[in-house]
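Residue numbers (my numbering): 1080 to 1246. Every residue gets a Cβ at the ideal spot worked out from N, C-alpha and C, and that includes glycine. Below is one structure; the comments refer to it alone.
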């Protein structure tokens, strides 16, 4: 049985530890943050730093599905009919939301749009209709507990789904 205290064994252990250290630290990516606020406080030997924002994550695309990170990300757009020439841009704000969520269209709504909100487990928590000839709809969220929800807007066979955070 060989001794652990031999110079060759010590050298091997040091090489393995060094390789492990550089392989784990080299794999760490520096994350950049888009922040609207932040701070640093020291009190009695305890320090705390905080950032109000989110990490920058590149957008990803797979065919017709584009995922753009952020609180106002559009989770999924499914375009089934190819004969739709005019695309209406939809803005959902504020997100995170308090008691009211606003849905704003850049043009008048021509046909009724079904509005549904489901919770993170997929349970339907609210159902409404967006009437024609309007450009903005306010959705009352007062009765919903804080959490993550998915707002689904359905017009015929076209569906937009938005991730909404309720505070």
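Check	Outcome
Pair within 8 Å by beta-carbon distance, residue 1182 and residue 1171	yes
According to DSSP, residues forming a beta bridge with residue 1176	1245
Residue environment, residue 1212, which counts as buried when at least 16 other CB atoms sit within 10 Å	exposed
Proximity test, residue 1097 beta-carbon vs the ligand FAD heavy atom, cut-off 7 Å	As presented, the structure is devoid of all ligands, the ligand FAD included, so that no description of it is given.
Neighbour-count burial assignment, residue 1174, 16 or more Cβ in a 10 Å radius	buried
Nearest to residue 1167 (by Cα), restricted to the options 1099, 1120, 1208, 1215	1215
C-beta contact flag for residue 1230 and residue 1209 at 8 Å	no
Residue 1220 - DSSP class collapsed to helix/strand/coil	coil
Coarse secondary structure for residue 1210, derived from DSSP in three states	coil
C-beta contact flag for residue 1207 and residue 1228 at 8 Å	no
Burial state of residue 1202, where buried means 16 or more other Cβ atoms lie within 10 Å	exposed
Beta-carbon contacts of residue 1224 that lie in its chain and below 8 Å, excluding the five residues immediately before and after	1245
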